[in-house]
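Some notes on the structure that comes next.
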Amino acid sequence: MTSTFHTRLLALVLTVIALTIFGIKVFQYNYPLTPGTQTTTWDFEIYLDFDTANQPVRIETFIPSNSDTRRVSQEQYYNGAFGLRLESDDENGRKAIWTYRYPNDRKVLRYRARLEGETQRSPLPAEMHRPADREPPASLNDLERQAFLVWSSDMRRRSADDDSLAELILQEIFVQKDADEIEALLPVLPPPLDRLTLAAEALQSQGIRARVANGVYLDEARRRTEVQHWLEYHVDGRDKRYFIGPDPKEFFTVWYGTEEMIRADGVFDFEPQISIQPIDSSASDVVRKAARDARTPVELFSFDRLPVTTQLVYQVLITIPAGIVLLVFMRQFIGIETLGTFMPILIGIAFRETALLNGLILFTMLVALGLAMRFYLEKLRLLLVPRLAVVLIFIVICMAVIAQVMNGANMRMGLSISLFPMVILTMTIERMSIMWEEYSAEDAIKAGAGSMLVASLSYLVMTNKHIEYLLFNFPELLLILMALCLLMGKYTGLRLSEIFRFRELAKQAEK
Amino acid sequence: MIGTWIALRKAGLLGINERNLRLVNDLNPRRLMRLVNDKTETKRLAIEAGIPTPELYGLIRNPLDMRNLEKLLDKPDGCVIKPANGSQGNGIQVILGPMRGGWRRSNGQRALFEDLKFHVNNILSGMYSLSGQPDVAMIEYRVKFDEVFDPISFGGVPDIRIIVLRGIPFVAMVRLPTAESDGKANLHKGGVGVGLDLVSGRTMHGMQNGKTTEIHPDTANPLSNFNVPHWDAMLLMAAKAYDVTGLGYLGADIVLDKGKGPLLLELNARPGLAIQIANRMGIRPLVNAALEANIDGLDAEGRVELAKKLYRQHVPEKVIA
Numbered sequence: 001m002t003s004t005f006h007t008r009l010l011a012l013v014l015t016v017i018a019l020t021i022f023g024i025k026v027f028q029y030n031y032p033l034t035p036g037t038q039t040t041t042w043d044f045e046i047y048l049d050f051d052t053a054n055q056p057v058r059i060e061t062f063i064p065s066n067s068d069t070r071r072v073s074q075e076q077y078y079n080g081a082f083g084l085r086l087e088s089d090d091e092n093g094r095k096a097i098w099t100y101r102y103p104n105d106r107k108v109l110r111y112r113a114r115l116e117g118e119t120q121r122s123p124l125p126a127e128m129h130r131p132a133d134r135e136p137p138a139s140l141n142d143l144e145r146q147a148f149l150v151w152s153s154d155m156r157r158r159s160a161d162d163d164s165l166a167e168l169i170l171q172e173i174f175v176q177k178d179a180d181e182i183e184a185l186l187p188v189l190p191p192p193l194d195r196l197t198l199a200a201e202a203l204q205s206q207g208i209r210a211r212v213a214n215g216v217y218l219d220e221a222r223r224r225t226e227v228q229h230w231l232e233y234h235v236d237g238r239d240k241r242y243f244i245g246p247d248p249k250e251f252f253t254v255w256y257g258t259e260e261m262i263r264a265d266g267v268f269d270f271e272p273q274i275s276i277q278p279i280d281s282s283a284s285d286v287v288r289k290a291a292r293d294a295r296t297p298v299e300l301f302s303f304d305r306l307p308v309t310t311q312l313v314y315q316v317l318i319t320i321p322a323g324i325v326l327l328v329f330m331r332q333f334i335g336i337e338t339l340g341t342f343m344p345i346l347i348g349i350a351f352r353e354t355a356l357l358n359g360l361i362l363f364t365m366l367v368a369l370g371l372a373m374r375f376y377l378e379k380l381r382l383l384l385v386p387r388l389a390v391v392l393i394f395i396v397i398c399m400a401v402i403a404q405v406m407n408g409a410n411m412r413m414g415l416s417i418s419l420f421p422m423v424i425l426t427m428t429i430e431r432m433s434i435m436w437e438e439y440s441a442e443d444a445i446k447a448g449a450g451s452m453l454v455a456s457l458s459y460l461v462m463t464n465k466h467i468e469y470l471l472f473n474f475p476e477l478l479l480i481l482m483a484l485c486l487l488m489g490k491y492t493g494l495r496l497s498e499i500f501r502f503r504e505l506a507k508q509a510e511k
Numbered sequence: 001m002i003g004t005w006i007a008l009r010k011a012g013l014l015g016i017n018e019r020n021l022r023l024v025n026d027l028n029p030r031r032l033m034r035l036v037n038d039k040t041e042t043k044r045l046a047i048e049a050g051i052p053t054p055e056l057y058g059l060i061r062n063p064l065d066m067r068n069l070e071k072l073l074d075k076p077d078g079c080v081i082k083p084a085n086g087s088q089g090n091g092i093q094v095i096l097g098p099m100r101g102g103w104r105r106s107n108g109q110r111a112l113f114e115d116l117k118f119h120v121n122n123i124l125s126g127m128y129s130l131s132g133q134p135d136v137a138m139i140e141y142r143v144k145f146d147e148v149f150d151p152i153s154f155g156g157v158p159d160i161r162i163i164v165l166r167g168i169p170f171v172a173m174v175r176l177p178t179a180e181s182d183g184k185a186n187l188h189k190g191g192v193g194v195g196l197d198l199v200s201g202r203t204m205h206g207m208q209n210g211k212t213t214e215i216h217p218d219t220a221n222p223l224s225n226f227n228v229p230h231w232d233a234m235l236l237m238a239a240k241a242y243d244v245t246g247l248g249y250l251g252a253d254i255v256l257d258k259g260k261g262p263l264l265l266e267l268n269a270r271p272g273l274a275i276q277i278a279n280r281m282g283i284r285p286l287v288n289a290a291l292e293a294n295i296d297g298l299d300a301e302g303r304v305e306l307a308k309k310l311y312r313q314h315v316p317e318k319v320i321a
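Going line by line, the protein sequences match chains A and D. Numbering follows the numbering used here, with no gaps: position 163 of the first sequence is 163. Numbering follows the numbering used here, with no gaps: position 137 of the second sequence is 137.
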């Protein structure tokens, strides 16, 4: 029994190491054990990835700025060999300018900061409270200026006060889009900047301070978020913002005006990426404190220093072991039959994209369709690999059709299906159909249902907020999961399913 | 449920986990598994050791060999097509003999040459092999089984499974085909398993689909008190299988041919546990006894003697009665 002893010892050692690190983090650095409810702090990252070709490179990007109304903290710049200059003006915002004369190879630049989200109720910066000088926009020619004056005085006539005037102008520009005079007045800018600029100019001409603001919506963790544009104006002593589409719950203003966010010269294959991620504010405070205490050894076990994009990947990866432990338990202790060893985990990961119920429906539907196809193909007597390929193509076609059908009813479901891994589906279908023939329909359906059960449970475990939080902030707990698997690997007792399988024998023995 | 669990513990039932860990992992080194996974290899070893097996007519290794197929199939007494690396009896086609325009299958249906060719192609592409690896198709002698089990079998070949631990045969059963199992002596497919008294080779109790039974479902004849002919020869073949493969835990599948006597069909490095239901007993006491037994200096005959002694010592009276 030396191998049993060895296994237990190893499991014990792993557990002790994990608990030690865990204990240090919890007791010495006061890491919180549960995710907080407040998520008003956001990790914001601009990630610039590009190729260079030995010619001078200049990259300008707007970055969030601190003001009396907005808070940016913990700014970090990853410059590599590039020179960095910061430039800010009151009108547009703050810019980071990276330059390098003779670069070569692929380069990466990064800007990172912690933001506190703004809401509709956040006040506008002080400069917005100064009255506007009533002048028609300077960019128009004489004819357009004439049309603009006619249109704006018409607006003025139809309104009672500044407040209703502003409402009316916005209504006219954004809701009744077909008005010809508006079309004629629009500046040459990509939408929606054209209408926003016109609205800002129209409001300004009526003495209402207004400008185009640009930034990001802070709604959920995103690896690639889009830059959004909106209008902010000050009317009758109140700060207002106008968003195209529904108002976001939280957002952050990065810069003003109609300039592009990122401008790059002398680069190829340019891939800017803006990512955002909510951080539990109490946890982030602690992490900040720990980071200030120089390099502590526990920091080696934290994902906090990785780029946000990578962090988001690890947030998914790190929960997979929890699903695996569950799978091992289901197989060794319960004795549930599944198709393939780790197939249920893969299906569970696929469910992340579709949510549980949609995923189950889609998966069952696609497997049923695929099985029907597979049985038809049986008649044609094809070789194994081409047959698998036909089933795979059939699955892709089914997915395309389902996406089209779903598009009308439920947009999200239609979109998510495209990410459903079809190779997993194809292998499931092939395994199930062989089982169907070699054993029985009952066995095949039983194994399919077992796989779905384990996949669903592992999905629930892998997406559990607390498990995700614990594993992500305390990766040392993985060692405990490993220890658990080691111990389960030495389990020689009966499985739950075997108690049922051999129950006749038990009756016999009792006689 | 807990009551059932305690009863099963007491009965000495061996579960899959324990089999995998204590028997397969500990006694069957992975490098030796190849010898039994590949049936052509098993056959070669058996012939060297003087263990009789069904005669091999030929192999189809690749599509080029396919042109020999028609000649190999052309036997008046029929033949069997099987994948060399198949498991659990999957992919085995039994041909009774030629018939007009094709061959007669064991279920009486006619198979066209094209059908058989497709089947062989499936075997070659690895459809029945353990991990989907490309495989080899074997064409071999069709066993003409002894009539002894006719009253309790239905269309197909009954076979005898003897499980051997460190060369000591310790538990055995005979597997009988039924209508449900489509003539295959495979318990997964609804075949009947009947426990054997290891000392005498006499049938005792039966099981089908995990449930105990005393009669054959198709012929309705009682399963007990048949004597397996050549029983001692079979025990000796099983014991020798350990010497030629070196596998500490294996199941020997033996068929009884009318003219040639017992023939070794195949060896299995992970024999299943349903044999416990067929024998109405848990095998842990026997397993422990065989693991502790001293086999130094014992040849196959010696180990068969030891096996009978251990069986009498550790198997409760009521099981054999």
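Note that CB positions come from ideal geometry on N, CA and C, so glycine has one too.
Asked                                                                                                                          : Found
Beta-carbon spacing of valine 94 (chain D), arginine 161 (chain D) below 8 Å                                                   : no
Backbone CA spacing between arginine 112 (chain A) and phenylalanine 44 (chain A) [nearest angstrom]                           : 6 Å
Element boundaries [alpha helix (DSSP H), containing tyrosine 311 (chain D)]                                                   : 300 to 314
Residue ranges of each beta strand (DSSP E) within the stretch 58 to 127 of chain A, 3 or longer                               : 72 to 78, 83 to 89, 93 to 100, 104 to 116
Cα-Cα separation, threonine 428 (chain A) to alanine 368 (chain A)                                                             : 11 Å
Nearest-angstrom Cα separation, counted from asparagine 54 (chain A) out to aspartate 269 (chain A)                            : 14 Å
Amino acids of chain A, ordered along the chain, whose beta-carbon sits closer than 7 Å to that of tryptophan 5 (chain D)      : Leu494, Ile499
Touch test, the stretch 164 to 182 of chain D against the stretch 459 to 473 of chain A, Cβ-Cβ under 8 Å, three pairs minimum  : no
Closer than 8 Å to chain D by CB, arginine 503 (chain A)                                                                       : yes
Nearest-angstrom Cα separation, counted from proline 307 (chain A) out to glutamine 120 (chain A)                              : 30 Å
Environment of aspartate 26 (chain D) [buried if 16+ CB atoms lie within 10 Å]                                                 : exposed
Arginine 58 (chain A) versus A:Phe394, A:Phe82, A:Ser153, A:Ala449, residue with shortest Cα-Cα distance                       : A:Phe82
Per DSSP, the bridge partner or partners of arginine 202 (chain D)                                                             : D:Asn227
Interfacial residues, the stretch 439 to 462 of chain A to chain D, with Cβ spacing under 7 Å                                  : Tyr439
Member of D:Asn85, D:Gly248, D:Lys308 whose CA lies at the smallest distance from the CA of valine 164 (chain D)               : D:Gly248
Span of the beta strand (DSSP E) around threonine 219 (chain D)                                                                : Neither: threonine 219 (chain D) is in no beta strand (DSSP E) and is coded neither H nor E.
Test item: CB-CB of leucine 264 (chain D) and methionine 237 (chain D) under 8 Å                                               : yes
Short CB-CB distance (under 8 Å) between methionine 1 (chain D) and chain A                                                    : yes
Contact list for alanine 506 (chain A) against chain D, beta-carbon separation under 7 Å                                       : Thr4, Ala7, Leu8, Ala11
Element boundaries [alpha helix (DSSP H), containing valine 36 (chain D)]                                                      : 30 to 37
7 Å Cβ shell around leucine 32 (chain D) - same chain, five flanking residues per side excluded                                : Thr245, Gly246, Leu247
Min CB distance glycine 317 (chain D) to chain A below 8 Å                                                                     : The question names glycine, yet the displayed sequence has glutamate at residue 317 (chain D). No, its Cβ sits nowhere closer than 8 Å to a Cβ of chain A.
Assigned exposure category for glutamate 70 (chain D) - 16 Cβ within 10 Å defines buried                                       : exposed
Helix, strand or coil at aspartate 43 (chain A) [DSSP, three-state]                                                            : strand
Within 8 Å, strictly: CB atoms of isoleucine 46 (chain A) and arginine 94 (chain A)                                            : no
First and last residue of the uninterrupted beta strand (DSSP E) at phenylalanine 22 (chain A)                                 : Per DSSP, phenylalanine 22 (chain A) belongs to no beta strand (DSSP E); it is in the alpha helix (DSSP H), 2 to 23.
DSSP beta-bridge partners of tyrosine 242 (chain A)                                                                            : A:Leu231
Best match in A:Trp436, A:Phe342, A:Leu198, A:Val454 for proximity to glutamate 144 (chain A) [C-alpha to C-alpha]             : A:Leu198
Within 9 Å of chain A by C-beta, residues of the stretch 268 to 283 of chain D in sequence order                               : Leu273, Ala274, Gln276, Ile277, Arg280, Met281, Gly282
Nearest candidate by alpha-carbon position, reference glutamate 315 (chain A), set A:Ser122, A:Pro278, A:Gln171, A:Ile173      : Correcting the residue identity first, residue 315 (chain A) is glutamine in this sequence and not glutamate. Considering only alpha carbons, the answer is A:Pro278.
Rounded separation between leucine 477 (chain A) and leucine 10 (chain A) - CA only                                            : 15 Å
Candidates A:Asp162, A:Leu168, A:Met261: closest to glycine 237 (chain A) by CA position                                       : A:Asp162
Proximity of glycine 190 (chain D) and glycine 206 (chain D) at Cβ, strictly below 8 Å                                         : no
Segment contact flag, the stretch 115 to 132 of chain A with the stretch 230 to 245 of chain A, C-beta cutoff 8 Å, min 3 pairs : yes
Backbone CA spacing between methionine 452 (chain A) and leucine 425 (chain A) [nearest angstrom]                              : 12 Å
Best match in D:Arg166, D:Glu180, D:Met281, D:Gly261 for proximity to alanine 269 (chain D) [C-alpha to C-alpha]               : D:Arg166
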